[in-house]
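> In this text, residue positions in the sequence shown follow this note's numbering: the first is 4, and each later residue adds one. Backbone N, C-alpha and C define an ideal beta-carbon position, used for all residues, glycine too. Structure in structure tokens, see below.
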Amino acid sequence: MQKDPWPVPADQRASRCTGVALSVAANLLGVCVPGSGARIMAFVGGPSTEGPGSIVSKSLSEPIRSHKDLDKDSAPLYDKAVKFYNQIAKQLVHQGHVLDLFACAVDQVGVAEMKVAIEKTGGMVVLAESFGHSVFKDSLRHIFQSADDNLGLSYNGILEINCSKDVKVQGIIGPCTSLEKKSPLSSDTVIGQGNTSAWKMCGLDKKTSLCFVYDIAKKDGPDSIGQSTSNLFYFQFLTYYQHNEGMMRLRSTTISRRWVSGTDNVEELVAGFDQEAAAAVMARLVSFKMETEVDFDPVRWLDRALIRICSKFGDYRKETPSSFSLSPRLSIFPQFIFNLRRSQFVQVFNNSPDETAYFRMMLDRENVANAVVMIQPSLISYSFQSGPEPVLLDVTTIASDKILLLNSYFTVVIFHGVTIAQWRKAGYQDQEGHEAFAQLLKAPHEEANSIIKERFPVPRLVVCDQYGSQARFLLAKLNPSVTYNSDNPAPGGDVIFTDDVSFQVFMDHLQRLAVQ
Numbered sequence: 004m005q006k007d008p009w010p011v012p013a014d015q016r017a018s019r020c021t022g023v024a025l026s027v028a029a030n031l032l033g034v035c036v037p038g039s040g041a042r043i044m045a046f047v048g049g050p051s052t053e054g055p056g057s058i059v060s061k062s063l064s065e066p067i068r069s070h071k072d073l074d075k076d077s078a079p080l081y082d083k084a085v086k087f088y089n090q091i092a093k094q095l096v097h098q099g100h101v102l103d104l105f106a107c108a109v110d111q112v113g114v115a116e117m118k119v120a121i122e123k124t125g126g127m128v129v130l131a132e133s134f135g136h137s138v139f140k141d142s143l144r145h146i147f148q149s150a151d152d153n154l155g156l157s158y159n160g161i162l163e164i165n166c167s168k169d170v171k172v173q174g175i176i177g178p179c180t181s182l183e184k185k186s187p188l189s190s191d192t193v194i195g196q197g198n199t200s201a202w203k204m205c206g207l208d209k210k211t212s213l214c215f216v217y218d219i220a221k222k223d224g225p226d227s228i229g230q231s232t233s234n235l236f237y238f239q240f241l242t243y244y245q246h247n248e249g250m251m252r253l254r255s256t257t258i259s260r261r262w263v264s265g266t267d268n269v270e271e272l273v274a275g276f277d278q279e280a281a282a283a284v285m286a287r288l289v290s291f292k293m294e295t296e297v298d299f300d301p302v303r304w305l306d307r308a309l310i311r312i313c314s315k316f317g318d319y320r321k322e323t324p325s326s327f328s329l330s331p332r333l334s335i336f337p338q339f340i341f342n343l344r345r346s347q348f349v350q351v352f353n354n355s356p357d358e359t360a361y362f363r364m365m366l367d368r369e370n371v372a373n374a375v376v377m378i379q380p381s382l383i384s385y386s387f388q389s390g391p392e393p394v395l396l397d398v399t400t401i402a403s404d405k406i407l408l409l410n411s412y413f414t415v416v417i418f419h420g421v422t423i424a425q426w427r428k429a430g431y432q433d434q435e436g437h438e439a440f441a442q443l444l445k446a447p448h449e450e451a452n453s454i455i456k457e458r459f460p461v462p463r464l465v466v467c468d469q470y471g472s473q474a475r476f477l478l479a480k481l482n483p484s485v486t487y488n489s490d491n492p493a494p495g496g497d498v499i500f501t502d503d504v505s506f507q508v509f510m511d512h513l514q515r516l517a518v519q
């Protein structure tokens with residue numbers, strides 16, 4: 004190895020012209036393989052400091068922009084960089100090519116600025132601390148797997164929609180680009196990629212998931228209540244794409260639904276409500292509004308939406324909060340909204356703009372099951388008394404003789420109670436006669452490995468002990484039903500040092516407002 008002929012001064016950042024490199028790559032692909040499936044895979048190890056698309060100057064005395072800087076418009080390079088990557092996005096979409104980003108650095112690299120190009124081309128993004136980290140290495144290996152669990156990467160998709168004239172399309176929130184094919188189906192209100200009935204998906208895979216937002220067409224005249232004579236309406240989705248084996252394929256999906264109107268049919272509406280899908284849609288909508296609307300208050304918006312739903316579909320006597328109840332089809336929805344209010348999609352404090360952009364890009368492309376895990380992580384308890392069992396996402400679940408496995412999509416946490424941790428450090432699992440303890444320690448690791456194996460990008464694995472510094476990865480996700488203000492915390496349990504309200508307090512307020 005020779006010494007670097009261009010050493011970087013101690014008070015400066017390295018010279019990087021990421022924007023120029025991506026522009027050159029896009030032009031090369033445009034000349035060599037226009038209209039044919041291709042990907043640009045960008046491996047970025049630090050912030051861009053030179054040329055178009057740069058996000059910070061070379062001087063280390065200037066910090067990289069934070070959420071506070073973006074809110075105050077004091078990040079002078081941000082808008083220019085976003086405009087530049089928007090141009091690259093248009094070029095890549097026109098050519099039918101994809102931009103993937105592997106951002107591996109302790110500092111920010113400009114994911115927030117590149118988001119527009121990655122999302123519009125349907126690209127993948129992996130965020131890790133270094134190129135030596137297992138998150139990067141295992142994710143990259145996953146892309147090139149040829150086994151049954153490969154990603155099924157496909158190219159050059161065009162998605163068209165046909166639907167009944169009673170319904171209009173406001174837009175799509177997800178990894179695609181509007182083809183500006185205006186039609187009678189297009190609503191005047193635009194959400195996400197709208198003003199069209201056809202979208203380009205330069206890159207798509209087995210798990211690509213899009214969120215369509217519809218509008219019910221207003222009708223004038225005496226028959227404005229009954230939407231159509233047959234009482235049915237339909238959607239048809241036509242997806243034409245280049246399969247990963249090289250063939251062009253057309254997939255057609257047609258579904259029909261019935262109109263339900265009037266206050267007499269509330270039960271029928273409730274029977275068709277999917278609370279998990281609704282939570283995923285609310286998460287995408289609130290993320291989109293936070294990025295596009297000035298002075299938008301996400302918590303207030305979510306609270307109002309939840310109160311409206313509970314007032315309309317709840318069962319209660321007026322002005323009597325204790326009489327309030329929800330149908331089983333709606334009963335978990337308030338819990339989803341409670342966790343969404345506290346999630347990394349809404350609470351950007353303690354996250355960089357790059358991390359927030361990454362979280363939202365993943366939310367916008369994953370299916371409902373994965374989106375629900377991002378909003379409300381799953382928690383499994385392991386103990387001598389019982390086998391693995393799902394438990395409430397609550398601080399009271401922590402016990403000194405239990406192991407907890409938290410799956411929050413981006414992170415998988417194995418949390419040992421204080422007694423279990425002491426036994427492990429004493430090496431009981433290696434001694435004869437303690438096979439049951441050795442199996443208890445092994446079981447959550449086996450489950451964690453199965454989660455990690457099937458997920459892309461590969462989540463970060465955190466193994467921690469009660470009262471240890473990394474226990475924060477679990478505590479941050481738990482309902483703070485026991486805080487430092489509580490009277491009698493359970494022995495062997497834990498408390499959360501927060502002023503956030505608990506789920507019970509949240510529900511009490513919701514019931515009081517819903518029955519007014």
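So, for Pro-225: in the same chain, excluding its five sequence neighbours on each side, which residues have a beta-carbon less than 6 Å away from its beta-carbon?
For the purposes of this step, residue 225 is taken as residue 222 along the sequence shown, with counting starting at 1. Per-residue confidence for Pro-225 stands at a pLDDT of 43, beneath the threshold of 50, marking its modelled position as unreliable; the derived number appears in the next sentence. Around Pro-225: no qualifying Cβ.
> For Phe-87, which residues does DSSP report across the bridge?
The residue labelled residue 87 in the question sits at position 84 within the sequence shown. Beta-bridge pairing links Phe-87 to no other residue.
> If I follow the unbroken beta strand (DSSP E) through Leu-188, where does it start and stop?
The count along the sequence shown starts at 1 and reaches residue 188 at position 185. No beta strand (DSSP E) holds Leu-188; DSSP gives it neither H nor E.
> Could you work out which residue in Leu-162, Thr-180 and Leu-213 is closest to Leu-253 when comparing CA atoms only?
The residue labelled residue 253 in the question sits at position 250 within the sequence shown. Cα-wise, what sits closest to Leu-253 is Leu-162.
> Taking the CB atoms as reference points, tell me whether Leu-104 and Thr-124 lie closer together than 8 Å.
Within the sequence shown, numbered from 1, the residue matching residue 104 stands at position 101. Within the sequence shown, numbered from 1, the residue matching residue 124 stands at position 121. No. Outside cutoff.
> Throw me the rounded Cβ distance for the Ala-274 and Val-375 pair, which I believe falls under 8 Å.
The residue you call residue 274 lines up with position 271 of the sequence shown. The residue you call residue 375 lines up with position 372 of the sequence shown. In fact, because the Cβ distance is near 20 Å, the residues do not count as touching under 8 Å.
> So Thr-414 packs on Phe-476, CB below 8 Å; how close in whole Å?
Counting from 1 along the sequence shown, the entry for residue 414 is found at position 411. Counting from 1 along the sequence shown, the entry for residue 476 is found at position 473. 6 Å between Cβ atoms; contact.
> Residues in its own chain within less than 8 Å of Asp-141 by CB, not counting five upstream and five downstream?
For the purposes of this step, residue 141 is identified with residue 138 of the sequence shown, where counting begins at 1. Only Ile-455 and Val-461 meet the Cβ criterion.
> Pull up the CB-CB distance for Ala-17 and Val-11, whole angstroms please, since I reckon it's below 8 Å.
Locating residue 17 in the sequence shown gives position 14, counting from the first residue. Locating residue 11 in the sequence shown gives position 8, counting from the first residue. Going by Cβ atoms, the distance from Ala-17 to Val-11 rounds to 5 Å, so yes, they are a contact pair.
> Based on the DSSP output, what are the partners of Ala-201 in its beta bridges?
Residue numbering aside, residue 201 sits at position 198 when the sequence shown is read from its first letter. DSSP, once it has assigned bridges, lists Glu-163 as partnering Ala-201.
> If Ala-517 sits next to Ser-212, beta carbons under 8 Å apart, how far is it from one beta carbon to the other, in whole angstroms?
Taking the sequence shown and counting its residues from 1, one reaches residue 517 at position 514. Taking the sequence shown and counting its residues from 1, one reaches residue 212 at position 209. With 8 Å as the limit, Ala-517 and Ser-212 do not qualify as a contact, their Cβ atoms being about 31 Å apart.
> Assess, as a yes-or-no matter, whether the stretch 190 to 203 is touched by the stretch 213 to 220 under the definition of 3 or more beta carbon pairs within less than 8 Å.
These segments touch.
> Consult DSSP for Ser-505 and reduce its assignment to one of helix, strand or coil.
Residue 505 sits at position 502 when you count from the first residue of the sequence shown. Reduced to three states, the DSSP call for Ser-505 is coil.
> Check whether the Cβ atoms of Gly-174 and Gln-148 lie closer than 8 Å to each other.
Along the sequence shown, one-based indexing puts residue 174 at 171. Along the sequence shown, one-based indexing puts residue 148 at 145. The answer is no: Cβ separation not under 8 Å.
> State the DSSP-derived secondary structure class of Gly-22, mapped to helix, strand or coil.
Locating residue 22 in the sequence shown gives position 19, counting from the first residue. Helix.
> Beta carbon of Gln-15, beta carbon of Lys-61: below 8 Å?
As a working note, residue 15 is residue 12 in the sequence shown. As a working note, residue 61 is residue 58 in the sequence shown. Cβ atoms of Gln-15 and Lys-61: closer than 8 Å.
> Between which two residues does the alpha helix (DSSP H) holding Pro-337 run?
To locate residue 337, count along the sequence shown from 1; it is residue 334. Residues 336 to 345.
> Straight-line CA distance for Ile-383 to Phe-336?
Here residue 383 corresponds to residue number 380 of the sequence shown, with the count starting at 1. Here residue 336 corresponds to residue number 333 of the sequence shown, with the count starting at 1. Straight-line Cα distance between these residues: approximately 21 Å.
> In terms of alpha-carbon separation, which member of Cys-179, Ile-194, Ala-201 and Thr-486 lies closest to Lys-185?
Start at 1 with the first residue of the sequence shown, and residue 185 comes out as number 182. Nearest of Cys-179, Ile-194, Ala-201 and Thr-486 to Lys-185, Cα basis: Ala-201.
> Among the residues of its own chain, which have a CB less than 8 Å from the CB of Thr-323, if the five just before and after it don't count?
Here residue 323 refers to the residue found at position 320 when the sequence shown is read from its first residue. Here the set comprises Val-518.
> Is it buried or exposed for Tyr-487, if we count other Cβ within 10 angstroms and need 16 for buried?
As a working mapping, residue 487 is identified with position 484 in the sequence shown. With fewer than 16 Cβ atoms within 10 Å of its Cβ, Tyr-487 is classed as exposed.
> Let's test the definition: count the other Cβ atoms within 10 Å of the Cβ of Lys-405 and tell me whether it reaches 16, buried, or not, exposed.
Within the sequence shown, numbered from 1, the residue matching residue 405 stands at position 402. It counts as buried.
> Taking the alpha-carbon positions, what's the His-597 to Val-302 distance?
The shown model of the chain, from 4 to 519, leaves out residue 597, and the question about it has no answer.
> What's the C-alpha gap between Ile-91 and Asn-30?
Start at 1 with the first residue of the sequence shown, and residue 91 comes out as number 88. Start at 1 with the first residue of the sequence shown, and residue 30 comes out as number 27. Distance between the alpha carbons of Ile-91 and Asn-30: 9 Å.
> Can you have a look at Leu-408 and say buried or exposed, based on whether 16 or more other CB atoms are within 10 angstroms of its CB?
Walking along the sequence shown from the start, residue 408 turns up at place 405. Flag for Leu-408 reads buried.
> Should Ile-58 and Ser-64 be called a contact, given that it needs their Cβ atoms to be closer than 8 Å?
Looking up residue 58 in the sequence shown gives position 55. Looking up residue 64 in the sequence shown gives position 61. Result no, Cβ atoms of Ile-58 and Ser-64 do not sit closer than 8 Å.
> Using only CA atoms, which one of Gly-126, Ser-330 and Ile-146 lies nearest to Val-269?
Your numbering for residue 269 matches position 266 in the sequence shown. The option with the nearest alpha carbon to Val-269 is Ser-330.
> Quickly, what does DSSP pair Asn-482 with across the bridge? List them, please.
The residue labelled residue 482 in the question sits at position 479 within the sequence shown. BP columns for Asn-482 point to Asp-397.
> Helix, strand or coil for Ala-17 per DSSP?
The residue given as residue 17 occupies position 14 in the sequence shown. In this structure, Ala-17 counts as coil in the three-state DSSP scheme.
> Assign Ser-227 to one of two classes, buried (16 or more other C-beta atoms within 10 Å of its C-beta) or exposed (fewer than that).
Position 224 of the sequence shown holds residue 227. Low local confidence applies: a pLDDT of 47 at Ser-227 is under 50, so the model's placement there is unreliable, and no value is given.
> How many whole angstroms separate the CB atoms of Asp-397 and Leu-309, which I take to be in contact at a CB cut-off of 8 Å?
As a first step, residue 397 is located in the sequence shown; it is residue number 394 there, counting from the start. As a first step, residue 309 is located in the sequence shown; it is residue number 306 there, counting from the start. With 8 Å as the limit, Asp-397 and Leu-309 do not qualify as a contact, their Cβ atoms being about 20 Å apart.
> Around the Cβ of Phe-299, are there at least 16 other Cβ atoms within 10 angstroms (buried) or fewer (exposed)?
Looking up residue 299 in the sequence shown gives position 296. Exposed, since its Cβ has fewer than 16 Cβ neighbours within 10 Å.
> By how many angstroms is the C-alpha of Met-364 removed from the C-alpha of Gly-229?
As a working note, residue 229 is residue 226 in the sequence shown. As a working note, residue 364 is residue 361 in the sequence shown. For Gly-229, the predicted structure reports a pLDDT of 49, less than 50, and the residue's modelled location is therefore unreliable. The matter cannot be settled from this model.
> Could you say which of Lys-209, Lys-203, Glu-116 and Ile-312 lies nearest to Asn-153 if we only look at CA atoms?
Here the question's residue 153 lines up with position 150 in the sequence shown. When each option's Cα is compared against that of Asn-153, the closest is Lys-209.
> Might you give, ordered along the chain, the residues of its own chain that have their beta carbon closer than 7 Å to the beta carbon of Thr-180, omitting 5 neighbours on each side?
On the sequence shown, residue 180 is found 177 positions in, with the first residue counted as 1. For Thr-180, where only same-chain residues beyond five positions count, the Cβ hits under 7 Å are Val-96, Lys-123, Gln-196, Trp-202 and Lys-203.
> Mind checking Gly-390: buried by the 16 CB within 10 Å criterion, or exposed?
The count along the sequence shown starts at 1 and reaches residue 390 at position 387. Gly-390 comes out exposed.
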